[in-house]
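Residue numbers (my numbering): 26 to 1223. Where a beta carbon is used, it is the ideal one built from N, C-alpha and C, also for glycine. What follows is one structure encoded as structure tokens, with my remarks underneath.
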């Protein structure tokens, strides 16, 4: 391992690949800003040449603010303003010595003015930008839709896999697989594993032929079933009465249960390959095991048949298990292949796809060119939170930036790598560290009290392999020598900042056994709430103070592993009148409110389903108790009232939509007051209102009906690979309250007082039958999933070692959140023997093999006295910074309820002038005479009433009778937007069917619409151009644009067209424009071009029109199209679109010339296009004159 040096922000040379390990509180963001500043000053890099990548949107915003502020501070210093910042003064001195102060100030001022062009992105934002900016090199589709939820696609593919492999399988095998896993189990197995390209699956057996074993099993079953009726009584008598049997193993009541299970097994028409647990009691080997020594083993022909049947069953399940394992491996490959194909056909991609697509683009043919283009763009890269990287992310940065002449800084803290459940891979970090040119650390903790820093150092120095792996050493950090110290005092004096509560299990439970987990948690919750109450009461009296102010509830945080722990603490605080607020990493769809909302809206959707009504009534939202529900079952009138009420809610939903019904339901049923009366009432009410918003959004966006919305909610609740940040829990209150925070959520935050009551979770696997995921040390630590190999036990040891290491990193994150005081709870608890504190405090010197097993064995042998002695040793080494005391067992004080503040609200007077004509305008707002939302695409007939198709039989359906209006137009637009124009007819039909279903059109229209689509794609737009030859990489759908707009009136528009030349086919068009009735506007013009495509060196505008001009193709001839184009002012529309594209190409395309590179516009009237009848039907073509476009640019743009 390379020697680690201290990173010196003003002195360390900025070159090559560098790893900076930034321990908690050591100024990681400060360091990134310092490196950025030096790159600008010393290497004359522009802000858009320095790539900064982090992992969340919030972190991106913080980095931008901090770097911009740092640039301003430096610029002010270089311009003559004084500062006490030693780093900035060193930079200034260096530049003054070189005579470059003036040049330095100019570079800084330029960086500030150009900062909006800075390249500070999330990892996904960076990948997306690189793919789109280099679309042709990367093979990226321009208009791919980014989706967070791909669970529905995955479920469909798993169902297809099930049908493919199990519909023709034998009933025996199907029954076995359903018992073992089933489709839902396959979904769980996949989880997010299928999207990890580096994951290796073991073993990879060939699927065996199980027919011989099935035949043998069925033959034995037939013999056994035939013998059972005659043998039943005799067998029962032997097992109950034989004196040679050990009655502890053959109890009479157990025998009766086994006989009943045998009746079920052998009474079935189809045998069950999974026998009941005690079937071996009927076999000769089982009987021999249950017979007393010296006694004869009972015998009966039926027992011999059971032995044969058991042997056949074991042979069958062995071959079935191998066959199932082969299918699981095949499932991963099938899902990966089909997922990619389906997403490409639908033109969508997930967040993971952004990384994978860039990774693959860099490693296929032409990847060197792509890497070179990215290097040309960015001369340096600073990667924040690098401890949360994975092999794909690291490979991208290594491939692009780990080359001579480039600067790469990888900044993070491996001790805080706690996002393994999201796919972060600490072993990728270790690999990067080994390949870095230089390795640095930040050695000063600027966050915490110096005594607390020493206390935490003491705890983690207790074990020389504190974080298990040698590649992650613990480096002690120091307090800054000159920083003013924020003091937490009690009655005027400080106390040891790290308080360790030792729980004496024997004294508490009265036995020598460890304290049961549930009992320990209950006692710890009570002690934590009591201590918080004590601290707050001291704060009220002024005895507990942070410098010159009293300690307040908002100064205290309780860090937990799971939401259930937070709920328990919150309830205990509630009983003591202490306000608290939950900051959770959870997802809104994982809450109780999501389950209850599904039950309630499910009942509203089916108000005559009494079972669903009862389930809804007993939710906390409605609050019917068991006695009331029982009374309702005997009171028909009262019951009927509920049925009528749910029917009324359904009618309201049908007529006015979900959100109107939801609001009326919550008001009439007093849902919010009822929830607010619960201990976690604010949390639950917040969740419910959040769910209402999400359901409303889903209804609007997905155009779903009642059943569809209920199904959508159910799917969200059962989704297994949901992104956490997609639907995070909202904060229920921002009042001055105790913070209840999951350790994961607390990362990067700090609090004056921190409680860590639940850091003793064990590191053992919960279920030995689950797949084991680990990093294979025999295969370069590659991520591996063991589905059931003969080395599974060895691999579980490695997996549990990784789990222990992550638990230690979580403990580190928890302890380093505190600024002034921290509480840690420890003792002999069930499952704690493999926890992080057990390893850290008692595991020093443990061998490097099965360390989890070793520390478990060692700690189980400890008495409370042993634990106390080792804790005393830690305390003694701390120099008085650690206090060791028994965990309080008393209830503690109850705080007086906080007085409710009555806020007096007043309106701020508004005295400024609002310019009435400044707005964002669109084509529709100009031509309709109204202020339509510019966010609406300019689809034909937006807002127009839908006209249903006339009643016709199937044979009379054609594109002319297809429904008209806004919804049909939007549906047809979406088909073309999401379609690969080069796809097969089968793919086209699939997209058409999906979109028709989405907009609730009869599936019988699919052939008609598919035929229309194929005609449009085949139509010759010019002799050389047909859309069927345009690849997805050569087009952009729904291309949005803004451009600045100077003051525009109908008269001014008329003058521009008249001066610079009206369209040849519409000489009266300027007069038509002059008659428009919009008010004068200025500000911005916004719009969406249906499609821009490239053919050769030219770019073209396409607009889809579903307008109905008549019931035959000739009704869409040139004259009719020109009339429609002028009557609906589409001529103005395509001039606006042309101007927008002209401006865009002029700024993005080197050497752009309108005459050379702009090809023209095509307005495609979809109903009238038929290549068989000629190229002029349904296709309007034009190429605005360069003079007119330049005139519009000159006159219209502000």
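From the DSSP output, in three-state form, read off residue i for me.
| i | result |
| --- | --- |
| residue 719 | helix |
| residue 459 | helix |
| residue 820 | helix |
| residue 502 | coil |
| residue 1218 | helix |
| residue 75 | strand |
| residue 1020 | helix |
| residue 575 | strand |
| residue 832 | helix |
| residue 140 | helix |
| residue 802 | helix |
| residue 1032 | helix |
| residue 454 | helix |
| residue 1123 | strand |
| residue 1050 | coil |
| residue 664 | helix |
| residue 1115 | strand |
Quick one: residues in its chain with C-beta nearer than 6 Å to the C-beta of residue i, no 5 flanking neighbours on either side, listed in chain order?
| i | result |
| --- | --- |
| residue 485 | 491, 499 |
| residue 114 | none |
| residue 616 | 712 |
| residue 545 | 854 |
| residue 35 | 112, 115 |
| residue 296 | 246 |
| residue 41 | 462 |
Could you check the C-alpha separation between residue i and residue j for me, to the nearest Å?
| i | j | result |
| --- | --- | --- |
| residue 239 | residue 287 | 20 Å |
| residue 457 | residue 419 | 7 Å |
| residue 576 | residue 564 | 5 Å |
| residue 859 | residue 647 | 44 Å |
| residue 421 | residue 126 | 37 Å |
| residue 1159 | residue 1165 | 10 Å |
| residue 52 | residue 470 | 7 Å |
| residue 290 | residue 702 | 51 Å |
Under 7 Å Cβ to Cβ from residue i, same chain only, skipping five residues before and after it: list those, please.
| i | result |
| --- | --- |
| residue 439 | 46, 412, 451, 454, 497 |
| residue 957 | Because residue 957 sits at a pLDDT of 42, beneath the cut-off of 50, its placement in the model cannot be relied upon, and the point is left open. |
| residue 772 | 441, 443, 838 |
| residue 895 | 866, 867 |
Since residue i is in the beta strand (DSSP E), which residue starts that stretch and which ends it?
| i | result |
| --- | --- |
| residue 1183 | 1183 to 1190 |
| residue 767 | 763 to 767 |
| residue 993 | Not the beta strand (DSSP E): residue 993 falls in the alpha helix (DSSP H), residues 991 to 1002. |
| residue 30 | 29 to 31 |
| residue 265 | Taken as a continuous stretch (DSSP letters only), residue 265 belongs to no beta strand (DSSP E), being part of the alpha helix (DSSP H) at 236 to 266. |
Decide if residue i is buried, meaning its Cβ has at least 16 other Cβ atoms within 10 Å, or exposed.
| i | result |
| --- | --- |
| residue 921 | exposed |
| residue 810 | buried |
| residue 654 | exposed |
| residue 393 | exposed |
| residue 476 | buried |
| residue 1013 | buried |
| residue 107 | exposed |
At least one CB of chain D closer than 8 Å to the CB of residue i: is that the case?
| i | result |
| --- | --- |
| residue 893 | Looking for chain D here will not work: only one protein chain is present. |
Give the range of the alpha helix (DSSP H) segment to which residue i is assigned.
| i | result |
| --- | --- |
| residue 1068 | Taken as a continuous stretch (DSSP letters only), residue 1068 belongs to no alpha helix (DSSP H), being part of the beta strand (DSSP E) at 1060 to 1073. |
| residue 383 | 376 to 388 |
| residue 546 | 542 to 566 |
| residue 66 | 53 to 67 |
| residue 862 | 861 to 867 |
| residue 851 | No alpha helix (DSSP H) contains residue 851, which is instead part of the beta strand (DSSP E) from 843 to 852. |
| residue 636 | 635 to 642 |
So, at 8 Å on beta carbons, what are the nonlocal neighbours of residue i in its own chain, with the 5 sequence-adjacent residues on each side left out?
| i | result |
| --- | --- |
| residue 735 | 623, 626, 627, 630 |
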